[in-house]
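Its first residue numbered 176, the sequence shown is counted upward by one per residue in this note's numbering.
From the three backbone atoms N, C-alpha and C, an ideal C-beta is built for every residue, glycine too.
Below is one structure, written out as structure tokens; the observations come after it.
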Amino acid sequence: MRILLSGRYFLLTCFLFASSSLLAQNKFTISGYVKDDNTGEFLTGANIYVKEILKGATSNQYGFYSITLDKGEHTLIASFLGFQDYSQAILLNENKRINIALNPKSILGKEVVITGEKEDKNIQSTEMGRIEMDVEQIKTLPAFMGEVDILKALQLLPGIQSAGEGNSGFYVRGGGPDQNLILLDEAVVYNASHLFGFFSVFNSDAVKNIQLIKGGMPANYGGRLASVIDVSMKEGNSKKLQVDGGLGLISSRLTIQGPLIKDTSSFIISGRRTYIDVLAKQFIKDTSPFKGSGYYFYDLNGKVNYRISDKDRLFLSGYFGRDVFSYRNKKAGFNVDIPWGNSTASARWNHLFNDKLFMNATAIFSDYQFAFEAMQSDFEFRLFSGIRSWNGKVDFNWFPSIRHNVKFGANYNYHTFTPSNATAKQGDVIFDTGSITRLYAHEAAIYITDEFTITDKLSLNAGIRYSFFRQVGPFNRFVKDDRGETTDTIFYNSGEKVIDHGGPEPRLSLRYALNRNSSIKASYTRNYQYIHMASLSAVSLPTDIWVPSTSLVSPQLGTQYAIGYFRNFFDNTFETSVELYYKEMKNQVEYKEGYLPENGMFDNPDQGLTFGDGQAYGSEFFIKKRKGKVHGWIGYTLSRTTRIFPEINAGKEFFAKFDRRHDMSVVLIYDLNPKWTFSAIFIYGTGNAITLPVTRYTIDGFLISEYGARNSFRMPAYHRADVSVTYNTKREGKFRSSWNFSVFNVYNRYNPYFIYFDNAGDISKGNLEVKAIQVSLFPILPSLTWNFSF
Numbered sequence: 176m177r178i179l180l181s182g183r184y185f186l187l188t189c190f191l192f193a194s195s196s197l198l199a200q201n202k203f204t205i206s207g208y209v210k211d212d213n214t215g216e217f218l219t220g221a222n223i224y225v226k227e228i229l230k231g232a233t234s235n236q237y238g239f240y241s242i243t244l245d246k247g248e249h250t251l252i253a254s255f256l257g258f259q260d261y262s263q264a265i266l267l268n269e270n271k272r273i274n275i276a277l278n279p280k281s282i283l284g285k286e287v288v289i290t291g292e293k294e295d296k297n298i299q300s301t302e303m304g305r306i307e308m309d310v311e312q313i314k315t316l317p318a319f320m321g322e323v324d325i326l327k328a329l330q331l332l333p334g335i336q337s338a339g340e341g342n343s344g345f346y347v348r349g350g351g352p353d354q355n356l357i358l359l360d361e362a363v364v365y366n367a368s369h370l371f372g373f374f375s376v377f378n379s380d381a382v383k384n385i386q387l388i389k390g391g392m393p394a395n396y397g398g399r400l401a402s403v404i405d406v407s408m409k410e411g412n413s414k415k416l417q418v419d420g421g422l423g424l425i426s427s428r429l430t431i432q433g434p435l436i437k438d439t440s441s442f443i444i445s446g447r448r449t450y451i452d453v454l455a456k457q458f459i460k461d462t463s464p465f466k467g468s469g470y471y472f473y474d475l476n477g478k479v480n481y482r483i484s485d486k487d488r489l490f491l492s493g494y495f496g497r498d499v500f501s502y503r504n505k506k507a508g509f510n511v512d513i514p515w516g517n518s519t520a521s522a523r524w525n526h527l528f529n530d531k532l533f534m535n536a537t538a539i540f541s542d543y544q545f546a547f548e549a550m551q552s553d554f555e556f557r558l559f560s561g562i563r564s565w566n567g568k569v570d571f572n573w574f575p576s577i578r579h580n581v582k583f584g585a586n587y588n589y590h591t592f593t594p595s596n597a598t599a600k601q602g603d604v605i606f607d608t609g610s611i612t613r614l615y616a617h618e619a620a621i622y623i624t625d626e627f628t629i630t631d632k633l634s635l636n637a638g639i640r641y642s643f644f645r646q647v648g649p650f651n652r653f654v655k656d657d658r659g660e661t662t663d664t665i666f667y668n669s670g671e672k673v674i675d676h677g678g679p680e681p682r683l684s685l686r687y688a689l690n691r692n693s694s695i696k697a698s699y700t701r702n703y704q705y706i707h708m709a710s711l712s713a714v715s716l717p718t719d720i721w722v723p724s725t726s727l728v729s730p731q732l733g734t735q736y737a738i739g740y741f742r743n744f745f746d747n748t749f750e751t752s753v754e755l756y757y758k759e760m761k762n763q764v765e766y767k768e769g770y771l772p773e774n775g776m777f778d779n780p781d782q783g784l785t786f787g788d789g790q791a792y793g794s795e796f797f798i799k800k801r802k803g804k805v806h807g808w809i810g811y812t813l814s815r816t817t818r819i820f821p822e823i824n825a826g827k828e829f830f831a832k833f834d835r836r837h838d839m840s841v842v843l844i845y846d847l848n849p850k851w852t853f854s855a856i857f858i859y860g861t862g863n864a865i866t867l868p869v870t871r872y873t874i875d876g877f878l879i880s881e882y883g884a885r886n887s888f889r890m891p892a893y894h895r896a897d898v899s900v901t902y903n904t905k906r907e908g909k910f911r912s913s914w915n916f917s918v919f920n921v922y923n924r925y926n927p928y929f930i931y932f933d934n935a936g937d938i939s940k941g942n943l944e945v946k947a948i949q950v951s952l953f954p955i956l957p958s959l960t961w962n963f964s965f
């Protein structure tokens, strides 16, 4: 019933907007697409405005814009950072289609391909906590082992905290890693890490645009509490064949793109592979019992697009990546293989109904699988888990007037969860480890949002999303008594309803301009999250499993309030902002204390979970220099994140494992000339919260440890500096190349990764001594990468 009522309100709202547009008199619409004239790539977020009134629009994700104006003479301006401005005088007496091609700027003969946002967009827009990162700028930053990583670059921004040394997992404003919605061409990426979290799955050569939303999430996004990382792949050069690549110390990559039909259809294929396994073989003798052990990862991105007409366009994109870890011990006859990875596919259709109404319909497939396979002699054991989703969605962009940008749409997901399952056999004997557990669920949502300029000073982005989640059979629910013993089983047939969840998710952002250089913004968001990641580790690992909301697991519910002051200085050369936020999180999920994965055999996977609430609040300070030879930013976050679980820490409040009081990043880039670019990074953060023993005693000759309150100790503070130099070689014809030399942890700081305890002496002699030992991962690490393009 609630879905039906929400649907009626949704249609009624659309009707009211449509009716109001009929009142417009003597108005006409200019619409079209904005693209890069060199490559044919459509530009997201280009600024298109009318010079006489200084009002306009920005191009959407597919480069489309629409502006409705009074009849008469106007001057149309289009701008995009790193590109030459476009200007055209227009006599508007009818609807006009104007497609705009922007040319990259040239500085001292060097072709600049840096893209970005409108210069004062941070002041004028209603968006809070939304940041677009430039891929070309990220490539000049110091890179760990020479591998450029866009997720690590995002962790240099205030409010986003690293999961730990060398880890690409991240926490946003007190939320857990499962509370980040990570999208690649609209497909969900459930595990964004390679090499146990040291690298992300995103190949920078294949990425066109990165958008982060950490506050004021608009209604077209949902399903997560903390943030959205929306990554768009390049469409492929529609003008000419282009080859890009790079050779590094541990990996190489190659990207090929070009036209299938010039200016009509293009493709891009991008691959990357590490060769740690190849290098390691040189150091393992043929006689070694560990011969055959190794690790590598690879990924492949592909995309094809076809412009049927100016009103219709098709896209087909996909990603496939795998990590493969193998351990061989011939002496012990013991072999281990751990493969894991993601697969995604997206098929999209853009359709322009008229000059004001744009549609994007998408069919999406997402899959994540993990397996642990061990064999000793004739005994074989396999542990596996995963999640698979089929998603259909349709989104509309409607531009009724120059003051309104309306988005509305719907989406549907069908999920299949495979929590931790195990099989075991010895020879012909198959051990009973229980039947393979799979859980099934439907997830759906409808939404509408309007970015409305009320006056020159006041604008808002208001929207509402209604989401719905249903777990369905086949499913067997084991009913437990107070002692945890199974007393009954409830059987659900295929497709039969097990439990329903759902509710409204209102969103509101306001912007009040104090003057041309400053504004105040405020936002309110309410989010439901129906799928949860259960983890036994303090960092994101492949062993983490995804579970749905069930009759025992309620959906997570997050409410965030934020307010900020934004000001630019010296003709938008410097951007500054201060943001304050407060977040409440209900129905947070953790494993019960003492839980082990094998406890889930012959049982429902949610029986080992416990539930509680959390809160986070903090302040974020940001200053960015956008122009000049020296540019970069400084970000600082002061925050507090806590959790309270009735079954953990005796029901007392405790710090979340990713609580970090102080977090600071400094990024500096110096463009000396077209050939030389220097960059440096400095990071400082309060140490992670951990649980340590406070007392040790002996019982019957055994050493017993008594632990303190949960997460009541702090590891030493984390800090390090990285530097890099990029040298662009002389261009020879169509061939260009560059060298990047980076030094990670330049002053060789031994940052803590984890702490363990070692015993020395003899407990029976009374000279037992227990020492805490800190383990650090990475000392100073230089790297060298050669990049090329032709």
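Around the beta-carbon of D631, fewer than 16 other beta-carbon atoms lie within 10 Å, marking it exposed. With 16 or more other Cβ atoms from the protein chains shown falling within 10 Å of its own Cβ, R399 counts as buried. By the neighbour-count criterion, in which a residue is buried when 16 or more other Cβ atoms sit within 10 angstroms of its Cβ, G391 is buried.
The beta carbon of F929 sits closer than 7 Å to the beta carbons of V950 from its chain, once the five residues preceding and following it are set aside; these are given in chain order. Minimum Cα-Cα distance from T204 among the listed residues F217, P681, G469 and G247 corresponds to G247. Around the beta-carbon of K696, 16 or more other beta-carbon atoms lie within 10 Å, marking it buried.
Boundaries of the alpha helix (DSSP H) harbouring I313: V310 to I313, taken from the DSSP string. Counting C-beta pairs closer than 8 Å gives fewer than three between the region 549-563 and the region 212-227, which falls short of the contact rule.
Going by DSSP, A709 is part of no alpha helix (DSSP H) but of the beta strand (DSSP E) stretching over I706 to A709. Bridge partners of G516 according to DSSP: R497 and Q544.
Inclusion of S899 and S964 in the CB contact set at 8 Å is not warranted, their separation being larger than that value.
Taking all protein chains in view, the Cβ of A831 is crowded by 16 or more other Cβ atoms within 10 Å, so the residue is classified as buried. Leaving aside the five residues that flank I431 on each side, the residues in its chain whose CB is nearer than 7 Å to its CB run, in chain order, V418 and I444. Under the DSSP assignment, L784 falls in the beta strand (DSSP E) whose first and last residues are L784 to K800. Taking C-beta separations shorter than 7 Å and ignoring five residues to either side along the sequence, the partners of N762 in its chain run S729, P730, Q731, L732 and F786, following chain order.
Taking 8 Å as the cut-off, the beta carbon of Q551 is found no closer than this to the beta carbon of K655.
The region 891-911 makes no contact with the region 816-833: fewer than 3 CB pairs, one atom from each, lie closer than 8 Å. Using a 10 angstroms sphere on the CB of Y922, the tally of other CB atoms stays under 16, which defines it as exposed. With 16 or more other Cβ atoms inside 10 Å of its own Cβ, K314 counts as buried. Rounded to whole angstroms, the gap between the alpha carbons of D719 and L329 is 23 Å. For the pair E361 and T593, the CB atoms are not nearer than the 8 Å cut-off. Excluding the 5 residues flanking it on each side, Y667 has same chain C-beta neighbours closer than 6 Å at G648, F650 and V673, in chain order. Taking the CA atoms as reference points, I513 sits about 28 Å from I865.
The DSSP-derived three-state label of V654 is strand. Using a 10 angstroms sphere on the CB of T816, the tally of other CB atoms reaches 16 or more, which defines it as buried. Remark: three or more beta-carbon pairs, one from each stretch, lie closer than 8 Å, so the region 685-693 and the region 736-745 are flagged as touching. Taking C-alpha positions only, Y471 is separated from V499 by approximately 6 Å. The secondary-structure analysis by DSSP pairs F239 across a beta bridge with Y208. For the pair T748 and R818, the CB atoms are not nearer than the 8 Å cut-off.
In the structure shown, L370 falls within a helical segment according to DSSP collapsed to helix, strand and coil. Look at K327 here: in three-state DSSP terms it is helix. By the 16-neighbour rule on beta-carbons within 10 angstroms, Y615 is buried.
Residue pairing by DSSP places E671 opposite no residue, since no beta bridge is assigned to it. By the 16-neighbour rule on beta-carbons within 10 angstroms, R652 is buried.
Within a 10 Å sphere around the beta-carbon of A507 sit fewer than 16 other beta-carbons, which makes this residue exposed. Using a C-beta cut-off of 8 Å, the region 531-546 makes contact with the region 566-575, since at least three inter-stretch Cβ pairs fall below that distance.
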